[in-house]
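Note sheet for the following structure.
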Amino acid sequence: MTLTIHEIKAEREKRISAILTKNGVFFAFSNEQFEKNKTPLEEGDKYVNIGMGGYLPKSKADSYLKDMADDDQWFKDQVKANDQRMAHIAYELANHECYYTGDIDSAVSALGDDYTFDEVHEVYIQERQKVDY
1 MTLTIHEIKA EREKRISAIL TKNGVFFAFS NEQFEKNKTP LEEGDKYVNI GMGGYLPKSK
61 ADSYLKDMAD DDQWFKDQVK ANDQRMAHIA YELANHECYY TGDIDSAVSA LGDDYTFDEV
121 HEVYIQERQK VDY
């Protein structure tokens, strides 16, 4: 059974939620939220900031990074195995509102080094004709 890009992304969301829980990641945007949301620490451990309001116990940092790298590879493998490369590009173009702005740079950046500007631009040209303004 072939999965669509939306199904792959839905599964990835579940996988990432499990990674965050496993590694004690929490989010806080104020001291009050930090105190309310923090996860338990082992003796001598401390929290590290992972950016975008996220924190985790330092002892879990290596596990978190490995799990996220493994998930990134899983996602790439799923996109390839399910022949969803063009659909992934089209998804990011729509998600970054490229059809409205005419600028694909943010989608190219979000897709990462596995995708070329020319490849994204080609899908943009093909797909923008389908967009109803």
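Per our numbering, residue 1 is the first one in the sequence shown, and the count goes up by one each step. Cβ atoms here follow ideal geometry from the backbone N, Cα and C, with glycine treated the same way. The structure presented is a predicted model; accordingly, all values stated were derived computationally and were not measured.
### Task
Helix, strand or coil for F27, going by three-state DSSP, please let me know.
Strand at F27.
### Query
By a C-beta neighbour count over all protein chains shown, 10 Å radius and 16 as the cutoff for buried, is L111 buried or exposed?
Counting C-beta atoms within 10 angstroms of its own C-beta, L111 has 16 or more neighbours from the protein chains shown and is therefore classed as buried.
### Task
Provide the residue(s) that pair with L56 in DSSP beta bridges, ordered along the chain.
Beta-bridge analysis with DSSP links L56 to V48.
### Task
For the alpha helix (DSSP H) containing K38, list its first residue and its last residue.
No alpha helix (DSSP H) holds K38; DSSP gives it neither H nor E.
### Beta-carbon contacts of S106 that lie in its chain and below 6 Å, excluding the five residues immediately before and after
So the list reads H96, once near-sequence residues are dropped.
### Task
Starting from the C-beta of A61, find all residues in its chain whose C-beta is less than 7 Å away, skip the five residues before and the five after it, and write them out in chain order.
Answer for A61: V48, listed in chain order.
#### Entry: Cβ neighbours of Y124 in the same chain (closer than 7 Å, five flanking residues each side left out)
Within the same chain, Y124 has close Cβ partners L93, C98 and I104.
### Spatial neighbours of A87 in its chain, beta-carbon cut-off 6 Å, leaving aside the 5 residues before and after
Taken in chain order, the residues that qualify are I5.
### Task
Report all residues from its chain with a CB closer than 6 Å to the CB of Q78; omit the five preceding and five following residues, and keep chain order.
In chain order, I8 place their CB closer than 6 Å to the CB of Q78, counting only its own chain and leaving out the 5 sequence neighbours on each side.
### Local conformation of L3 per DSSP, three classes
In this structure, DSSP gives L3 a state outside helix and strand, which the three-state scheme calls coil.
### Query
So, L65 versus V25, is the Cβ gap smaller than 8 Å?
Going by C-beta atoms, L65 is not nearer than 8 Å to V25.
### Query
Beta-carbon separation of S63 and D45 under 8 Å?
Going by C-beta atoms, S63 is not nearer than 8 Å to D45.
### Query
Alpha carbon to alpha carbon, how far is F29 from M52?
Going by the C-alpha atoms only, they are around 9 Å apart.
### Query
L3 to R15, Cα distance in whole Å?
Each residue's Cα considered, the two are about 16 Å apart.
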